[in-house]
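Worksheet: the structure to be examined is printed underneath.
In the UniProt record's numbering, the protein residues as written are 1 to 856.
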């Protein structure tokens with residue numbers, strides 16, 4: 001078949017016209033739907049590629065351009081390799097930004113949201129992303145949030161969804177609670193307001209029941225997720241191993257349990273500290289004098305104005321209030337004064353700690369500030385292994401005692417946190433830390449005053465939100481105080497029409513004021529009842545959406561388990577590192593719950609994770625407030641989608657931030673014009689014998705075929721673009737000399753450019769493919785295999801160094817041995833001239849590429 005001319009894609013001067021090319025191929029893709037994933041009868045191997053879905057906050061921006069470019073490159077590459085690829089798109093369309101925007105404009109958040117979705121859909125089509133447009137979902141559709149409500153009820157039935165009163169993070173501007181993960185440096189991640197603590201009754205998911213699995217299963221992801229993301233998840237879960245120790249409180253019937261990672265230091269405890277904002281502190285203070293109660297209340301008011309970040313700052317002066325109450329040390333019967341102090345948090349452990357000031361820096365700082373006893377119980381000058389030191393009644397004798405005196409924390413202000421041997425600890429004396437922990441745990445267990453335990457930094461997932469634009473919580477509050485699920489056949493509980501509603505934040509959900517919506521019946525008795533007025537955290541929406549893509553139109557199941565077995569887990573998940581804790585942890589938790597329910601056969605949702613860097617401008621993050629935006633639609637209008645895609649792919653490694661000042665869309669457009677022209681210039685027929693073509697050009701072509709798959713899997717997209725540029729230059733050189741455009745190697749190379757360029761510049765690639773005489777679509781064409789004989793180099797360039805500096809290069813046989821290479825290097829006139837009579841004292845030869853001479 002002869003090459004096909006495509007005049008519609010030419011500009012007025014017959015040259016490369018990206019806008020016309022774009023319009024042509026977007027129309028043809030929309031008509032043919034070539035990127036639709038194959039069904040159950042498709043026998044090809046499968047790959048599920050997914051980019052974290054966007055929030056519809058307006059037009060697409062450069063962060064979107066980068067993220068969805070990378071996912072599209074991966075999806076297109078696997079299609080070329082013969083895989084049935086699922087690459088869907090949806091919108092995370094509930095949430096505060098839409099509601100706040102609607103309040104500001106006096107509009108319905110639904111109208112604002114779906115108008116933005118339409119705008120972004122058009123942007124994605126203009127950008128040439130190869131989505132399967134048959135699987136689009138919006139989390140604000142009742143067809144989607146129906147299954148959020150179903151999922152909530154499944155967790156409720158399993159005891160994993162519950163309601164309780166507790167101190168919560170409260171945003172005074174957005175007038176809603178925030179999960180710990182949504183508080184950044186003490187401020188609301190959405191609006192930036194300073195977060196305060198407030199007591200409310202809220203709904204939680206019991207994610208802590210899965211803490212060990214969430215932590216241990218991270219081992220499955222080593223090498224497949226970025227190490228820093230795995231480490232961030234480990235730190236957030238924060239498992240600590242130790243013991244729960246029960247302390248009697250004078251005048252209180254119930255004991256107080258304290259968790260400690262160092263139960264071996266129990267003999268060194270000299271006071272107890274409780275979190276001032278805990279129920280325990282309030283109770284203990286209420287049993288003291290009026291003066292103590294007054295001091296405590298004033299202190300509590302001060303603490304409630306502080307963020308957790310501030311309270312955990314080790315550099316802050318220690319503050320606290322003595323509650324005039326005492327705990328009893330279960331190991332020796334000593335009375336320990338109880339203080340309320342802000343460096344202890346209500347939601348860590350049990351909200352109380354045994355203070356061992358000699359061996360904990362925060363306890364030491366507090367003890368020194370309030371003149372409390374400090375007792376050394378670990379001799380850190382003694383080896384933790386080897387010979388056991390001689391222990392006297394008062395600790396080590398002779399020189400050892402002098403050593404401890406010189407590092408006494410009471411005098412130095414530095415806690416002894418290192419390894420050593422126990423002293424001043426009764427039967428534990430002389431034991432190492434490890435053995436002492438085991439011994440004291442055994443003793444506590446035998447006495448019924450303690451037990452081995454684990455504690456976690458992770459807290460249960462707070463999902464209630466006091467806002468309108470979210471999934472209604474599908475529960476009914478009855479007149480007799482029961483809380484029961486809405487019957488499944490009544491799901492979804494739909495949001496009411498927002499027109500006429502006052503959505504302004506007031507501290508309670510706007511839904512609570514919609515009396516006709518709130519009114520319902522008790523499903524068990526038929527009597528009057530009320531709906532739950534809160535909506536769900538939008539992280540619930542995104543915790544399982546990757547499964548809904550498998551059955552987006554189903555009205556009978558959240559997802560088809562058979563489809564999940566075919567497609568899931570996601571093979572390649574692409575998105576920003578800012579979601580390393582927020583979203584990924586919740587998706588992992590829900591996946592494990594679904595696994596336990598028998599609905600999926602895997603325990604981790606995302607097999608491989610790719611984090612991209614940010615697109616910045618002038619060294620700063622782009623933002624409307626700074627006025628330093630590069631507008632997506634303007635770049636498309638000026639340079640075209642393909643130029644933007646190539647420029648971003650070429651700008652640097654995926655994980656690095658890209659400064660727009662270093663992104664050259666103009667240079668990318670020039671490259672694409674040269675590539676397009678190559679396809680127009682080819683004059684040989686499709687059935688030409690490539691083996692008869694220029695060997696040097698064929699070597700470059702086949703090196704691209706050999707290297708591209710591995711480079712793509714390593715996300716070295718910029719290197720693949722560089723290889724394409726190299727090949728286009730080599731084609732141009734061959735066309736302009738020798739056999740010219742009729743050379744078979746020119747056709748072979750041009751076809752290779754069109755196929756590989758499809759990853760980065762699909763519109764231009766399609767135009768080239770058609771110009772080369774092929775039917776659309778190049779995006780579905782199978783990649784070719786490299787000829788191994790063309791990958792064997794006949795000659796290579798050897799580098800000759802003298803004292804670390806390159807002084808000559810030699811074209812030598814790829815099979816040359818070391819002795820011959822060294823002889824050639826010694827004889828080269830450039831080497832002789834550089835030596836200037838100096839003697840070579842050492843020669844290192846790495847045939848066939850390096851010779852290194854030393855003259856020192």
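By construction, the Cβ of each residue, glycine as well, lies at the ideal position given by its N, Cα and C atoms. Since the model is a prediction, treat every value here as computed from it, not as a measurement.
Cβ neighbours of residue i in the same chain (closer than 6 Å, five flanking residues each side left out)
i           : result
residue 399 : Here the model assigns residue 399 a pLDDT of 44, short of 50, so the residue's position is not dependable, and the following value carries that caveat. Excluding residues within five positions, none has a Cβ falling inside 6 Å.
residue 273 : 339, 341, 344, 353, 355
residue 452 : 243, 441
residue 580 : 229, 232
residue 552 : 135, 137
residue 723 : 704
Contact belief for residue i with residue j at Cβ below 8 Å, rounded distance in angstroms
i           : j           : result
residue 465 : residue 534 : 6 Å
residue 644 : residue 65  : 6 Å
residue 37  : residue 85  : 7 Å
residue 56  : residue 91  : 5 Å
residue 409 : residue 458 : Not confirmed; about 32 Å, so no contact.
residue 295 : residue 321 : 5 Å
residue 857 : residue 812 : The question about residue 857 has no answer here: the residues shown for the chain are numbered 1 through 856.
residue 175 : residue 506 : 6 Å
Through-space distance from residue j to residue i, alpha-carbon basis
i           : j           : result
residue 368 : residue 631 : 57 Å
residue 366 : residue 597 : 48 Å
residue 44  : residue 83  : 6 Å
residue 77  : residue 709 : 8 Å
residue 775 : residue 760 : 20 Å
residue 606 : residue 790 : 38 Å
residue 415 : residue 318 : 15 Å
residue 669 : residue 582 : 38 Å
residue 639 : residue 662 : 16 Å
residue 443 : residue 600 : 44 Å
residue 726 : residue 651 : 16 Å
residue 826 : residue 794 : 22 Å
residue 436 : residue 376 : 15 Å
residue 689 : residue 742 : 11 Å
residue 687 : residue 749 : 14 Å
residue 658 : residue 192 : 25 Å
residue 648 : residue 68  : 11 Å
residue 300 : residue 125 : 56 Å
residue 843 : residue 850 : 10 Å
residue 571 : residue 548 : 16 Å
residue 861 : residue 712 : The question about residue 861 has no answer, for the chain in this structure spans 1 to 856.
Residue i CB to nearest heavy atom of the ligand MG below 8 Å
i           : result
residue 794 : Looking for the ligand MG in the displayed structure turns up nothing, as the structure carries no ligands at all.
One or two residues paired with residue i in a DSSP bridge
i           : result
residue 339 : 273, 322
residue 90  : 137
residue 202 : 164
residue 615 : 658
residue 354 : 272
residue 810 : 798
residue 477 : 483, 530
residue 246 : 257
residue 188 : 183
residue 461 : 205
residue 606 : 570
residue 379 : 421
residue 453 : 242
residue 854 : 842
Sequence-distant residues of the same chain with beta carbon closer than 7 Å to residue i, five excluded per side
i           : result
residue 336 : 269, 270, 271, 272, 326, 327, 329
residue 132 : 35, 36, 37, 86, 87, 88
residue 102 : 108, 109, 112, 503
residue 94  : 139, 140, 469, 470, 471, 538, 541
residue 557 : 551
residue 142 : 492, 494
Own chain residues within Cβ distance below 8 Å of residue i, not counting five before or after
i           : result
residue 310 : 186, 316
residue 855 : 802, 803, 835, 838, 839, 840, 841
Three-pair Cβ contact test at 8 Å for the segment 422-434 versus the segment 247-261: no
Segment contact flag, the segment 47-63 with the segment 114-128, C-beta cutoff 8 Å, min 3 pairs: yes
Cβ pair count under 8 Å reaching 3, the segment 677-687 against the segment 698-708: no
The segment 213-226 / the segment 157-170 touching (three or more Cβ pairs under 8 Å): no
Cβ contact check for the segment 486-494 and the segment 466-478: 3 or more pairs under 8 Å: yes
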